[in-house]
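According to full-length UniProt numbering, the residues represented by the sequence shown are 1 to 732, in order.
All C-beta atoms in this analysis are idealised placements derived from N, C-alpha and C, irrespective of residue type, glycine included.
As structure tokens, the structure follows; a few thoughts come after it.
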Amino acid sequence: MATLLYRIGRLAFRRRRWIAAAWLAVLAATLFGASALEEPTKDSFTIPGTQSQQAMDLLAERFPEASAGGATARVVFAAPDGETLRDPAYRRAIDTAVAELKQSPQVAAVADPFSADAVNEDGTIGFAEATYEVPGDEVSDGAHDALTSVLERARAGGLRVEAGGDAVAGEDEGGFTEIIGVVVAAVVLAITFGSLIAAGLPLLTAILGIAIGIGVITAASGFVDLSSETPTLALMLGLAVAIDYALFIVSRYRHELSAGREREDAVGRAVGTAGSAVVFAGLTVIIALAALAVVGIPFLTQMGLAAAFTVAVSVVIALTLLPALLGFAGRRIRGDRKSGQHTHFSQTYSRPTLGARWVRMIARRPLAVLLLAVIGLGVVALPTLDMRLGLGDDSTASEETTQGKAYDLLSEGFGPGFNGPLIVVVDARSGTASQAAEQVATRIHDIDDVGAVADPAVNEAGDTAILTVIPDSGPSTDATKNLVRAIRQQDGLVPGATIAVTGLTALNIDISTKLGDALIPYLAVVVGLAFILLTLVFRSVLVPLKATAGFLLSVAATFGAVVAVFQKGWFAGALGVDQVGPITSFLPIILIGIVFGLAMDYQVFLVTRMREEYVHGAPARSAVIGGFEHGARVVTAAAIIMISVFSGFVLAPAAFIKSIGFALGTAVLFDALIVRMTIVPAAMILLGKSAWWLPRWLDRLLPDVDVEGEKLRSRLDGAPQRVRSAPVRVPI
Numbered sequence: 001m002a003t004l005l006y007r008i009g010r011l012a013f014r015r016r017r018w019i020a021a022a023w024l025a026v027l028a029a030t031l032f033g034a035s036a037l038e039e040p041t042k043d044s045f046t047i048p049g050t051q052s053q054q055a056m057d058l059l060a061e062r063f064p065e066a067s068a069g070g071a072t073a074r075v076v077f078a079a080p081d082g083e084t085l086r087d088p089a090y091r092r093a094i095d096t097a098v099a100e101l102k103q104s105p106q107v108a109a110v111a112d113p114f115s116a117d118a119v120n121e122d123g124t125i126g127f128a129e130a131t132y133e134v135p136g137d138e139v140s141d142g143a144h145d146a147l148t149s150v151l152e153r154a155r156a157g158g159l160r161v162e163a164g165g166d167a168v169a170g171e172d173e174g175g176f177t178e179i180i181g182v183v184v185a186a187v188v189l190a191i192t193f194g195s196l197i198a199a200g201l202p203l204l205t206a207i208l209g210i211a212i213g214i215g216v217i218t219a220a221s222g223f224v225d226l227s228s229e230t231p232t233l234a235l236m237l238g239l240a241v242a243i244d245y246a247l248f249i250v251s252r253y254r255h256e257l258s259a260g261r262e263r264e265d266a267v268g269r270a271v272g273t274a275g276s277a278v279v280f281a282g283l284t285v286i287i288a289l290a291a292l293a294v295v296g297i298p299f300l301t302q303m304g305l306a307a308a309f310t311v312a313v314s315v316v317i318a319l320t321l322l323p324a325l326l327g328f329a330g331r332r333i334r335g336d337r338k339s340g341q342h343t344h345f346s347q348t349y350s351r352p353t354l355g356a357r358w359v360r361m362i363a364r365r366p367l368a369v370l371l372l373a374v375i376g377l378g379v380v381a382l383p384t385l386d387m388r389l390g391l392g393d394d395s396t397a398s399e400e401t402t403q404g405k406a407y408d409l410l411s412e413g414f415g416p417g418f419n420g421p422l423i424v425v426v427d428a429r430s431g432t433a434s435q436a437a438e439q440v441a442t443r444i445h446d447i448d449d450v451g452a453v454a455d456p457a458v459n460e461a462g463d464t465a466i467l468t469v470i471p472d473s474g475p476s477t478d479a480t481k482n483l484v485r486a487i488r489q490q491d492g493l494v495p496g497a498t499i500a501v502t503g504l505t506a507l508n509i510d511i512s513t514k515l516g517d518a519l520i521p522y523l524a525v526v527v528g529l530a531f532i533l534l535t536l537v538f539r540s541v542l543v544p545l546k547a548t549a550g551f552l553l554s555v556a557a558t559f560g561a562v563v564a565v566f567q568k569g570w571f572a573g574a575l576g577v578d579q580v581g582p583i584t585s586f587l588p589i590i591l592i593g594i595v596f597g598l599a600m601d602y603q604v605f606l607v608t609r610m611r612e613e614y615v616h617g618a619p620a621r622s623a624v625i626g627g628f629e630h631g632a633r634v635v636t637a638a639a640i641i642m643i644s645v646f647s648g649f650v651l652a653p654a655a656f657i658k659s660i661g662f663a664l665g666t667a668v669l670f671d672a673l674i675v676r677m678t679i680v681p682a683a684m685i686l687l688g689k690s691a692w693w694l695p696r697w698l699d700r701l702l703p704d705v706d707v708e709g710e711k712l713r714s715r716l717d718g719a720p721q722r723v724r725s726a727p728v729r730v731p732i
């Protein structure tokens with residue numbers, strides 16, 4: 001591997017003009033394809049195989065006039081204090097609003113509050129429910145504008161008017177929050193390298209990689225329906241890893257220059273050694289993301305594959321375009337005033353860096369440091385035990401939005417269950433649906449937590465009926481989940497009819513259940529494949545085991561922090577979190593995939609350098625210390641960059657983007673700066689030589705990929721492949 005990459009690096013250096021021109025051509029073709037093929041992304045999604053989705057499909061086939069899959073908007077009217085909606089002036093304002101809403105674009109039907117008995121007993125709060133002909137993500141701008149106009153005119157009549165539901169225009173997920181991370185990354189790179197040119201190259205390659213990756217994803221939207229979060233996740237992850245990969249190669253190139261290498265040879269060695277780590281680190285991220293396909297949820301598969309593609313592009317750019325750009329940069333990339341001045345890396349031992357002092361402190365008390373770090377992360381992970389999963393609804397909307405205000409008004413006037421109605425679909429023989437639905441309604445009335453059951457609506461064929469059930473509890477509560485389960489248990493108890501529960505609340509419950517069931521198989525696939533890959537890289541059994549254990553510890557602590565902020569509300573105000581509630585159902589599985597990939601990034605970058613010291617003759621303890629000293633500064637810089645990039649998304653208005661930005665930033669903080677920079681060196685020092693133990697039969701079976709460049713060093717320098725006579729000794 002190292003020898004092949006060495007040749008690629010030198011070839012790219014020599015043919016830098018051709019390489020740069022080729023990548024510019026790829027960029028131009030990508031941008032052209034994106035502009036020509038771009039289609040809007042989707043906010044709605046389907047979950048094949050769930051009862052709620054099957055019921056929705058049945059209604060679309062037999063009861064299309066019900067628009068069960070269409071968007072809804074609940075326009076809530078509240079009278080001023082001391083007055084009621086039955087006042088003639090307010091009644092006229094509501095009637096006018098309902099009439100205007102019926103004439104709005106894409107609206108299929110509107111239920112009048114007074115005729116539909118949708119006014120509370122006090123007459124102070126009522127709502128009109130509008131059903132649209134299309135799903136929420138297909139509601140046009142014209143329809144959004146029309147709804148907004150209806151609200152404004154009704155408010156002019158003296159009423160308090162708000163609207164909730166998926167037909168209401170949501171918060172903008174866009175913005176320039178990622179620019180904050182890029183600015184911080186530029187500052188960190190400039191401090192790390194002491195050279196604007198060296199700092200600029202990782203940013204340049206990252207921006208190019210992101211442009212190509214997002215361009216291809218945008219072009220793909222012309223052929224498949226993509227969720228709105230897919231480009232955001234690809235942007236978030238691709239930007240972070242692209243900067244990191246370039247950072248490691250540039251850092252190694254500067255080291256080779258300082259050792260007196262010629263530029264072309266230095267590029268080859270940097271790509272052959274650090275580039276090998278980039279390849280395997282990128283593979284772990286790609287495996288973790290692509291494995292999201294095993295969950296069986298289409299939009300998660302899209303997100304995983306899109307982000308994995310962007311990471312793959314970043315790896316290829318780091319191995320080809322970056323060496324070419326290093327050729328253009330010349331020796332100015334070193335940041336030395338005298339380009340001919342060479343300082344051997346080993347001389348830095350005379351002036352210990354912060355990383356050197358840190359690892360030497362760990363080496364003096366490795367067991368105490370290890371226990372302290374593990375216990376600390378364990379304490380942070382404790383809130384994970386209370387984690388509740390669900391999908392975002394109006395209950396988590398900001399109090400300043402009309403959705404959040406509408407949710408509160410409905411809860412005040414009718415109870416929290418009105419915000420999460422259940423749709424019970426009765427499938428019966430032709431002409432018997434009405435009678436069967438009456439029997440089903442009688443049974444549902446007797447179930448706990450049922451607030452109301454509306455009269456059934458029957459299709460023209462008389463073989464399908466709809467019952468709307470209002471729970472007493474809110475849509476994200478355990479009581480409502482139990483109610484859905486209890487209603488489904490009534491299936492088969494009415495002769496000649498089957499029942500199913502659907503609607504947004506039931507759909508959310510089904511998604512959470514399916515994701516929970518898929519979590520363990522997904523974790524097994526990711527950990528299993530990555531364990532094999534890490535065993536191949538490090539030629540060790542204990543190092544991959546330790547890496548996996550560290551990942552599980554950091555992800556548990558991350559879950560604890562997410563639950564503390566977004567579910568329990570600790571420090572929520574400081575982070576701009578307006579509403580707390582259940583954790584988004586698919587956040588844990590996405591987080592596991594991404595964090596595992598990123599954790600293995602730092603594991604590969606840091607421990608590969610330790611192994612490089614070890615295979616080049618250093619004793620196990622000195623190899624850990626020497627490898628850490630070489631890699632600590634650049635790994636810390638990479639972690640700060642990732643944390644900055646991810647944390648910038650905490651400022652996004654969309655709740656899901658805010659939560660995943662916080663989760664990823666926290667995960668990198670825990671994993672890179674505590675697990676990899678503290679637990680890993682402490683554990684490696686305690687393990688000693690046994691850290692590199694590998695059964696002989698497995699050693700013979702595994703191919704030698706030469707990630708640490710042992711064979712490359714032997715070929716270039718004429719050194720033996722395993723030098724033990726002159727170990728590197730680092731004073732402690």
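In this structure, how does DSSP classify residue i when only helix, strand and coil are distinguished?
i	result
A663	helix
D166	coil
S554	helix
R261	coil
A108	strand
A130	strand
L702	coil
V469	strand
A500	strand
I423	strand
residue 745	Given a span of 1 to 732 for the chain in the structure shown, any question on residue 745 remains unanswerable.
A452	strand
I125	strand
T50	coil
L694	coil
A457	strand
S227	strand
G390	strand
Express the C-alpha separation of residue j and residue i in angstroms, rounding to a whole number.
i	j	result
G665	V595	10 Å
F628	R252	14 Å
Q439	L422	17 Å
G569	V555	20 Å
G390	K481	10 Å
I217	F77	42 Å
R485	G573	35 Å
L372	Y602	21 Å
A71	P135	5 Å
M684	I511	41 Å
E38	E229	15 Å
L226	I47	14 Å
R17	G275	21 Å
V94	I447	Residue 94 is actually Ile in this sequence, not Val. Rounded to the nearest angstrom, the two C-alpha atoms are 35 Å apart.
I19	L325	9 Å
Less than 9 Å between CB atoms is the rule here; does residue i satisfy it with respect to chain B?
i	result
A163	The displayed structure is made up of one protein chain only, and chain B is not part of it.
The alpha helix (DSSP H) that contains residue i, what's its start and end?
i	result
R539	Looking at the DSSP string, R539 is not in any alpha helix (DSSP H), and its letter there is neither H nor E.
F77	Per DSSP, F77 belongs to no alpha helix (DSSP H); it is in the beta strand (DSSP E), T72 to A78.
residue 766	Only positions 1 to 732 of the chain appear in this structure, which leaves residue 766 out of reach.
F571	Per DSSP, F571 belongs to no alpha helix (DSSP H) and is neither H nor E.
S35	R16 to L37
K102	P88 to K102
Need the endpoints of the beta strand (DSSP E) that residue i sits in, please.
i	result
G158	Run containing G158: none; DSSP gives neither H nor E here.
Is it buried or exposed for residue i, if we count other Cβ within 10 angstroms and need 16 for buried?
i	result
G648	buried
G213	buried
residue 742	The question about residue 742 has no answer, for the chain in this structure spans 1 to 732.
residue 739	Residue 739 is absent from the structure shown; the chain starts at 1 and stops at 732.
Q489	exposed
K338	Low confidence applies here, because K338 scores a pLDDT of 44, under 50, leaving its location unreliable; read the following figure in that light. Its Cβ having fewer than 16 others within 10 Å, K338 is exposed.
Which full runs of the alpha helix (DSSP H) of 4+ residues lie inside the region 229-315, going along the chain?
-> Listed in chain order, the complete alpha helix (DSSP H) runs (minimum 4 residues) inside the region 229-315 are 229-258 and 263-290.
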